[in-house]
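Below is one structure; the comments refer to it alone.
Protein chains in written order, with the working numbering: chain A, 1 to 333; chain B, 1001 to 1500; chain C, 2001 to 2329.
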């Protein structure tokens, strides 16, 4: 346990902040510490968490991408058109098309970075504009409300009516999110590819000398993010029950902030799936708590900013200093 | 590998020629390596050491006519894959490690590369890492991230990594460059063990003392040609220096008495908890005070305190008899103190910027005109210092990283001289600098002292302070434990006291 | 060479995403709306195009990628550079646009705004609903539906959108005066241009306030998001959601009862009015009290503040929604 705190400074700090916020919220609101609210948090965070774990893989590999949210919009639209065209389809086809399109868009980014040696930030700014511009151009901004039933039908994995008559439920996006999180965790910690991604992000030259296939690393990282973005797009269309071309525009910064908050380093080699999930949860819990507390929305941004600042400051301090009882020996110099 | 032990060479190269952009980097060089030996390649920067290593490891391809024989097989050239598969391992100077990953993964990284996508077998990785470390007789927490360890341990991790798989030849390029004396001793012991187990070690170092200490044979290169191969037995540092440079250097004690000169800086009872305590000394105009001691002796912390970057807990610093209290190094610079840091590459110079910009960065105040940098004043200052210190450069606009270690060091000194200091603190000024260039740097130091500057010269290499300082303070565990006049003691006396 | 090629590819990639409006000889009328790509403004664009064709003008709409006043400023700068005759704006932030609108007028460009009464820097602002009349209509409907009891929450597009806030003010004041037993939950929430945020905020508010019986959502996505939350909580029939929304988008929700309804004005009609007014002003005609203008009816302009405000409300309910949706709204 003590070892976890030492080796997972960022995650511990986030857990600490989340615990403190949760304690405060439990004391001052009746609603926060209820199973129903926990379910709400899961339901509403699912899409962002799916985006976040995808982005994490790119950050670990030393890249950055801001085009994934609009890529997800392109995927949503493309998938909706495709299933409309084949006359309906089902979840399996939808997921395959969305995932495939996502991987394709991610590979475009990876291909540009690899072929021309352009930094990933520049490539993704370009592709962000290109994806979104092309989407708006070809769709003329027209939304799709007529989606197949399998996509829009509400699926509750678990539902229950409480004594007071209200309903609580866990919906399909949560299941998809859990699968994406577990798959990403397995990829980065349990497969040789994942370890090469870390190594490549940590010291690209060192990895190259060791015979790590640089091109493969880029395609895997951006392809994985593309896959996650495609799935997230489909899931968002599922619960929104419509495809609005700019619905996900602007989401990239929220997700990027949460992932970096979760300890991933811009520059590569660092970041965990747990931290990434906690980063998203912290931002979500803050928003949820402010709503539950009935804080004036005029103060929201100020409070969210301060909490992020506190979390970042804590996670950059050695845990030994914050929790001195954990230290077994002096911190390494 | 028993059949190769003995006189039959494990590796031999003949007729090695290679040309880069019309320049013959190597000319008819030959090289020979036996299993179980520690072999040093000595030469100044540009002598062709690195090129030779890169040919052996397959990075470069020699010109036609080369003969390479490795473990009984002949090659016209070797590919990196062949070299690696044959057990030729390189520990690069930059180590090529992954700081965020665990020690175990760093050592057994080859386990996760290639052969398609597989699940990671962490137990196997740990076992490999522990076995490699055990072979070196070292124990480290293999689960901790590498970044938790200082450079000396990372060096050991890099060596352990080279041993994974069948290592027959291990190249070590300047492995001791950023290690202190005790860490170096530790590393050399490991290298000896390694050689004793049958591995051939090729050792490249600027530090001639350790070259003589560790190696059995020394191949000397100069200007891309082979000077000769010499047994280490009976060789001296000055003889190697002569072979490497083609010139002779006579180390002479420069110490003199400067008791008649006014005191520039006087330190009395200076202390910082757990770093140094009760330090007192004076430095006079034109005097060079040497401070030596092992890592953790507090020498660098003392220097940073004098330079205003750390605050003393007790004691006083007087400059020209007046007590001073620095709240930052800006105050110290204004008071006429200059500090040339230990880690020149990361702290002293801004590698990506030009030589000119590096020169003026500490003295921007003197080249301002109406609050803005005046190009003519800047150019004048730059030209003067480059000429004074004999820095060999192309253009002042070139990036500092294009210069050799010795010339970078001159620029670093010039940068501080441009602030017109009265006290110059040089902390390990010769780290990573060629032996020929070292002499040049100490000539500059002597000239500066003669011009009236007070100098504090810090080094963990006792000979440097012995030959170049007027007095030598020995620090250990934060205290001054000895003060020597080089004219009254032999080098051996002081070395025995410091390293003993 | 490789670098050059790389730069060229990157540049053309970006270029591919932008496209310029076609030049034409007819007088140009450029309308900058809050955000492109949402049905409301798609309908407005249809109105602009239709009326332009009828009056022989080159009318077009520009929709920024997000509801960001800075993007509107840039779009207006572009229109000034294109020498348009008339600039129409549906502002995201009245204050931020003031300088650039003044700049346009200095160049002799006529400026017409919509959904921003008393906009500084505009020649005329027109409203198809008075903020007071619109807000009060909602306040009255919510009060009636809730029987004058229970809590309600108010969403606006953003805390800085003046019109939404004026509606909210009028609705809240009306409820306070006529239904004193109703209670406003929290302050107003600036989420109603984002369907996901409206949904999660509505979920949180319903959870925190069991007494919450109604939502007033002013902003195109707010009613949709709140209705989704009501549906998710299975509180259809127990929680009322009112607000202006796009009938096509809300049709299903309205039929299921998750979305109760609302008032709107017809954005297509607003688009037409932009062009009709532009045409009139280009020709140098004066706006006079009591005259009848196509799309506005009889007008009584406020000459001091340059406002033309009429009440052309359209009720969205189960009966009217299909017809409105068929118009592409």
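Ideal placement from N, C-alpha and C gives every residue a C-beta, glycine not left out. None of these values were measured; they are calculated from a predicted model.
query                                                                                                                                  : result
Minimum Cβ-Cβ distance from residue 192 (chain A) to chain B less than 8 Å                                                             : yes
Whether residue 2121 (chain C) touches residue 2101 (chain C) by CB criterion (8 Å)                                                    : yes
Alpha helix (DSSP H) segment containing residue 1185 (chain B), residue limits                                                         : 1181-1196
Cβ-based contacts, 7 Å cut-off: residues of the stretch 207-222 of chain A near chain B                                                : 209, 210, 211, 212
Nearest to residue 291 (chain A) (by Cα), restricted to the options C:2186, C:2167, C:2082                                             : C:2186
8 Å Cβ shell around residue 139 (chain A) - same chain, five flanking residues per side excluded                                       : 77, 245
Within chain A, the residues that residue 1117 (chain B) reaches when beta carbons sit closer than 7 Å                                 : 191, 192, 193
Distance between residue 1199 (chain B) and residue 1224 (chain B) (C-alpha atoms, nearest Å)                                          : 27 Å
Proximity of residue 295 (chain A) and residue 55 (chain A) at Cβ, strictly below 8 Å                                                  : no
Which residues DSSP lists as bridging residue 2127 (chain C), in chain order                                                           : C:2309
Chain A contact for residue 1105 (chain B) (CB, 8 Å cutoff)                                                                            : yes
Partner residues on chain B for residue 110 (chain A), Cβ-Cβ distance less than 9 Å                                                    : Simply none; closest approach about 17 Å.
Interface partners of residue 298 (chain A) on chain C, CB under 8 Å                                                                   : 2159, 2187
Distance between beta carbons of residue 299 (chain A) and residue 14 (chain A), contact taken as under 8 Å                            : Not quite, the Cβ-Cβ distance comes to about 23 Å (not below 8 Å), so this is no contact.
contact_flag[the stretch 2238-2251 of chain C, the stretch 2272-2287 of chain C] where n(CB pairs < 8 Å) is 3 or more                  : no
Nearest residue (CA-CA) to residue 1235 (chain B), options B:1476, B:1149, B:1329, B:1042                                              : B:1042
Straight-line gap, residue 1017 (chain B) to residue 1491 (chain B) (C-alpha atoms, nearest Å)                                         : 42 Å
Residue 2315 (chain C) versus residue 2267 (chain C) - alpha carbon distance                                                           : 13 Å
Nearest candidate by alpha-carbon position, reference residue 1294 (chain B), set B:1091, B:1180, B:1120, B:1035                       : B:1180
Chain A contact residues for residue 1097 (chain B), given Cβ-Cβ distances below 8 Å                                                   : 203, 206
Pairwise C-alpha distance: residue 1222 (chain B) and residue 1076 (chain B)                                                           : 24 Å
Limits of the beta strand (DSSP E) - the one that residue 2155 (chain C) falls within                                                  : 2150-2156
Range covered by the alpha helix (DSSP H) that runs through residue 2199 (chain C)                                                     : 2195-2208
From B:1434, B:1436, B:1435, B:1448, residue whose alpha carbon lies closest to that of residue 1426 (chain B)                         : B:1448
The stretch 261-268 of chain A contacting the stretch 98-105 of chain A, beta-carbon criterion three pairs below 8 Å                   : no
Contact check, residue 1155 (chain B) vs residue 1140 (chain B), beta carbons under 8 Å                                                : no
Residue range of the alpha helix (DSSP H) that includes residue 1169 (chain B)                                                         : Counting along the chain, residue 1169 (chain B) falls outside any alpha helix (DSSP H), though it belongs to the beta strand (DSSP E) covering 1169-1173.
Helix, strand or coil at residue 1480 (chain B) according to DSSP, with G and I counted as helix                                       : strand
Chain A residues whose Cβ lies nearer than 7 Å to that of residue 1244 (chain B)                                                       : In chain order: nothing, as chain A lies at least about 29 Å away.
Rounded straight-line distance, which links the Cα of residue 2173 (chain C) to that of residue 42 (chain A)                           : 37 Å
Sequence-distant residues of the same chain with beta carbon closer than 6 Å to residue 161 (chain A), five excluded per side          : 167
Alpha helix (DSSP H) segment containing residue 77 (chain A), residue limits                                                           : 68-85
Whole-number beta carbon distance between residue 2170 (chain C) and residue 2136 (chain C), since they are thought to touch under 8 Å : 5 Å
Cα-Cα separation, residue 89 (chain A) to residue 149 (chain A)                                                                        : 10 Å
Contact under 8 Å by Cβ, residue 2056 (chain C) with residue 2026 (chain C)                                                            : yes
Chain A within 8 Å of residue 1114 (chain B), Cβ atoms only                                                                            : yes
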